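Protein chains in written order, with this note's numbering: chain A, 2 to 151; chain B, 2 to 151.
2 protein chains.
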Amino acid sequence: MIRITAKNAAKQDFMSLMRQLVRTYQAFAAFDAASYRNMDLTVSQADVIFTLGNTAGLTFKDIGAQTLITKGTLTGVIDRLENKGLVKRIDTAEDRRCTQVVLTAKGKRMFGEVFPKHVARLRTRFDRLTVAERRDAQILLVKLQTIFSS
Amino acid sequence: MIRITAKNAAKQDFMSLMRQLVRTYQAFAAFDAASYRNMDLTVSQADVIFTLGNTAGLTFKDIGAQTLITKGTLTGVIDRLENKGLVKRIDTAEDRRCTQVVLTAKGKRMFGEVFPKHVARLRTRFDRLTVAERRDAQILLVKLQTIFSS
DNA sequence: TATTGTTATACTCTATAACTATA
DNA sequence: TATAGTTATAGAGTATAACAATA
């Protein structure tokens, strides 16, 4: 027997919100990953290309900080992107411990031509929301994020 | 030079919402995964235990449908849970192609005692939101989910 | 013929830690 | 001593497809 108390109702409340966050993210991630598969990229690889786009190159440290990929893993991800001819490593003169990673011409083409198509595909979906809904969703997602940070 | 046009503003708008969804989920997932690591479970394994909790057992097909883990992968996940003594396979009489997966006594203890502590830890965070914020977040997440489904 | 779960393969990511070369 | 990136190891999930047993 389950008693319907204020406490149980509140518990139900947050559990359902939590599950909804997961379901929503999974729906987005599945939609997103389908594009990357067409580009023959994994999610991590696409993440790196996206991060490098519109920059003059970033160090492993910078990329790791932005993508949340740890350095050991990042070496492998960059290796695979380099094998695909999408990025290249460049030694830096200032601090010879650092390595810059930059997009090659092929990588720039992917970021400049293929990615925009992906973005357009995403956009058609987000357009189904009103401007107010997008604004409110953004505000609430920020609030949701803050409760888990720190 | 970047022109600030209505089109660019709208693009910026949805891209930023998209990134926020990812960041929020990542913040939650990092918080969540820390608990599972303490229980010596991976996210997938915890997902299965959670799914099996309060049921009399589910088939591979059922578990796969609820967790989005494909059958080939699920065999391995269940193997590892079985090795840890948390679940067991039971052949079904009705349809001998199906296998039921049920929690063992140890698995029930984890679901009944360890998981609630995890839930309580999550709850302290969700309590930082007001009831209205949780309700609004839920509504907007459902809307966000629907734009990616179908 | 279709479905359920298993097996096999090859790849990718994760966590951890030791290692190198620089600073 | 500390930092940036590499290497090594073991484990875990993913995708794909072929397979056996059953319906």
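Ideal Cβ positions, reconstructed from N, Cα and C, are used throughout, including at glycine. Computed from a predicted structure; not experimentally measured.
| Item | Value |
| --- | --- |
| Beta-carbon proximity check, Cys99/A vs Thr105/A, cutoff 8 Å | no |
| Extent of the continuous alpha helix (DSSP H) to which Asp137/A belongs | Val132 to Phe149 |
| Short-range partners of chain A found in the region 32-56 of chain B, where Cβ spacing is below 7 Å | Phe32 |
| Under 7 Å by beta carbon: chain A residues contacting Ser17/B | Gln139 |
| Listed by chain order, chain B residues near Glu134/A by CB distance under 9 Å | Leu141, Lys144 and Leu145 |
| Sub-8 Å separation of Gln27/B and Thr60/B beta-carbons | no |
| Positions along the region 101-124 of chain A whose CB lies within less than 8 Å of some CB in chain B | Val120, Leu123 and Arg124 |
| Any chain A beta carbon closer than 8 Å to Asp14/B | yes |
| Which residues DSSP lists as bridging Leu87/B, in chain order | DSSP, once it has assigned bridges, lists no residue as partnering Leu87/B. |
| Sheet register partners of Thr60/B (DSSP bridge) | Gln101/B |
| Alpha-carbon spacing of Gly108/B relative to Arg122/A, whole angstroms | 43 Å |
| For Ile148/A and Arg126/B, believed in contact at Cβ under 8 Å, the rounded distance | 5 Å |
| Rounded separation between Phe51/A and Val44/A - CA only | 10 Å |
| Within chain A, the residues that Ile70/B reaches when beta carbons sit closer than 7 Å | Those within 7 Å of Ile70/B in chain A number zero; the least Cβ separation is about 12 Å. |
| Proximal chain B residues relative to Ile148/A, where beta-carbon distance stays under 8 Å | Arg126, Phe127, Arg129 and Leu130 |
| Short CB-CB distance (under 8 Å) between Ile3/A and chain B | With a pLDDT of only 48 at Ile3/A, under the threshold of 50, the placement of this residue in the model should not be trusted; the figure read from the coordinates follows. It does not: the Cβ of Ile3/A has no partner Cβ on chain B nearer than 8 Å. |
| Identity of the residues DSSP links to Asp92/A by a beta bridge | Thr100/A |
| For Arg129/B, the three-state DSSP class (helix, strand or coil) | coil |
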